[in-house]
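*Asks:*
Protein chains in written order, with my numbering: chain A, -13 to 102; chain B, 100 to 213.
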C-alpha cells in the first residue's frame, strides 16, 4: 500500500483564489512528520511547511497552511490567494521514525497551474 | 552561501560505464540522502546516511553504492550504468534524523544512460 497518496495529478486555479491540494498518508508510527515541498519548472525542491503528528494546531507559513486531520490521516495543503508564481509541482512527504532512522517518503505529486 | 552542491549538473553516459555523482553540503548536517525522481513516480530514496561513517539502503538501492567518509560529502556511484538509471538525482541533507527536521535539497543531476 502506498504510504503517501496524492490523488490529484493536476489542479487548475485562478489567480487570487484559494486552492487545496490533497494528501493522505498511512503509517503505524505514533511519531511522524508531514512535509510539503514545491518544485517549480526550474527543478529545485523548496520546503514549504511542516506538521508534526503531535502538534495540536495546524501549521501555517504565510499563504500556506496545512489542514491536518489526524483521524482521517490527511494533511492537505491550502494555498490562499494564489499567485502566478505558485504554478509548480507540489509533493507531500512523510517522515517516520522507525528502526533508528528517519527518511522521507514522497507522494507522486500534484501539478498546480495558476491562470491570470 | 550555505547549501548543497551537486556535480555534474547533467551527464550523458554510455551503458556499462561507471559514474560517480558528487554531493557536498556545508551546513554540517549529520544526515544525508540520495533520491531519484522519475516522471509519475515522485522521489524515491536510494541510500541514506545518518552520520559520517554509516550508510543505509532506501527503497531503490540496487545498482547504486554510497560512502560517507566525512560529514560534508556523500557521493553516489553507479558501478555499471544501465538505461533504467536514467533519471534526475537529488542529494539532500538534514540536521539529524529527527522527525521534525526538514530536508534541504541540492539542485539535482540529470543523468541519461544510453
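Yeah, the Cβ is synthetic: ideal placement off N, Cα and C, and Gly gets one too.
What three-state label does DSSP hand residue 12(A) in the structure shown?
*Replies:* Residue 12(A) sits in coil when the DSSP states are folded into three classes, being neither helix nor strand.
*Asks:* Within 10 angstroms of its Cβ, does residue 149(B) collect 16 or more other Cβ (buried), or is it exposed?
*Replies:* buried
*Asks:* Quick check: the Cα distance between residue 19(A) and residue 141(B), rounded to an integer number of angstroms?
*Replies:* 18 Å
*Asks:* To the nearest angstrom, how far is the alpha carbon of residue 204(B) from that of residue 78(A)?
*Replies:* As the crow flies, the alpha-carbon of residue 204(B) is around 15 Å from that of residue 78(A).
*Asks:* Scan the segment 27 to 55 of chain A and note each continuous alpha helix (DSSP H) run of 4 residues or more that stays entirely inside, going in chain order.
*Replies:* none
*Asks:* Hey, does residue 173(B) have any beta-carbon neighbour from chain A nearer than 8 Å?
*Replies:* no
*Asks:* Taking all protein chains shown into account, decide if residue 7(A) is buried (16 or more other Cβ within 10 angstroms of its Cβ) or exposed.
*Replies:* buried
*Asks:* Does the beta-carbon of residue 175(B) have 16 or more other beta-carbons within 10 angstroms, so that it is buried, or is it exposed?
*Replies:* buried
*Asks:* Rounded to a whole number of angstroms, what is the C-alpha to C-alpha distance between residue 65(A) and residue 114(B)?
*Replies:* 43 Å
*Asks:* Can you pull the chain B residues whose beta carbon is under 7 Å from the beta carbon of residue 7(A), in chain order?
*Replies:* Going along chain B, no residue has its Cβ under 7 Å from residue 7(A), so there is no contact; the nearest lies around 14 Å.
*Asks:* Mind checking whether residue 70(A) and residue 61(A) have CB atoms under 8 Å apart?
*Replies:* no
*Asks:* Given this structure, state the Cα-to-Cα distance separating residue 209(B) from residue -12(A), to the nearest angstrom.
*Replies:* Residue 209(B) and residue -12(A): Cα-Cα distance of roughly 26 Å.
*Asks:* In this structure, does DSSP put residue 142(B) in helix, strand or coil?
*Replies:* strand
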